[in-house]
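When we follow the numbering used here, the leftmost residue of the sequence shown carries the number 306, and every step to the right adds one. Just so you know, even glycine gets a beta-carbon here, dropped at the ideal spot from N, CA and C. A short write-up of the structure that comes next.
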Amino acid sequence: MENNRNFFITIALSVLILALWQYFYVLPRSEQQREAARIEQQRVEEQKKAAEAANPGAATPAPAPGAIPNAPGGDVVTAAGRDQALATSKRVKIDTPSVEGSINLTGARLDDLKLKHYTETVDKNS
Numbered sequence: 306m307e308n309n310r311n312f313f314i315t316i317a318l319s320v321l322i323l324a325l326w327q328y329f330y331v332l333p334r335s336e337q338q339r340e341a342a343r344i345e346q347q348r349v350e351e352q353k354k355a356a357e358a359a360n361p362g363a364a365t366p367a368p369a370p371g372a373i374p375n376a377p378g379g380d381v382v383t384a385a386g387r388d389q390a391l392a393t394s395k396r397v398k399i400d401t402p403s404v405e406g407s408i409n410l411t412g413a414r415l416d417d418l419k420l421k422h423y424t425e426t427v428d429k430n431s
């Protein structure tokens, strides 16, 4: 009976700690992020209005082919090719008996690895 009481007290204290953490840490942080996003959106809208006021007859250009929209109503970022992405990022070379390639140091992503002894078909020369 004593163990059950201690168990329930532990659960209640854990829930209380999680609730207090949410209230005092997570909630203010999300409020700050929301406020920063709202301020950024207002700044972008003001810049857009100022640009339209400076050039009232200018039309907005169409997105380039192969472009990826950054955000709704935001600037357009073009997608980089594989060779360009490999050349512009800092990388660590990997060369083992079974694997070759590189690791992106930003985020430690394994995005350029090849298996040396892998064949796509049953044929040994594939």
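query                                                                                                                             : result
Are Arg396 and Ser403 touching if we call contact CB-CB under 7 Å?                                                                : no
Relative to the alpha-carbon of Arg387, which residue among Asp400, Asn409, Thr424 has its alpha-carbon at the smallest distance? : Asn409
Alpha carbon to alpha carbon, how far is Val427 from Val349? Give it in angstroms, no decimals.                                   : 56 Å
Which class does Asn430 belong to by DSSP, given the choice of helix, strand or coil?                                             : coil
Out of Ala341, Leu420, Ala358, state which residue places its alpha-carbon closest to the alpha-carbon of Ile399.                 : Leu420
Taking the alpha-carbon positions, what's the Phe312 to Leu321 distance?                                                          : 14 Å
What is the DSSP secondary structure of Gln410, counted as helix, strand or coil?                                                 : For the sequence presented, residue 410 should be read as Leu rather than Gln. The answer is coil: DSSP assigns Leu410 none of H, G, I, E or B.
Can you give me the start and stop residues for the beta strand (DSSP E) that Val434 sits inside?                                 : With the chain running from 306 to 431 in the structure shown, residue 434 is simply not present.
Go ahead and pull the three-state DSSP assignment for Lys419.                                                                     : strand
Between Thr401, Thr315, Glu307, Ser394, which has its C-alpha nearest Thr411's C-alpha?                                           : Ser394
Give the DSSP-derived three-state secondary structure of Glu340 in the structure shown.                                           : helix
What residue from Asp416, Arg310, Tyr330 has the CA that sits closest to Ala390's CA?                                             : Asp416
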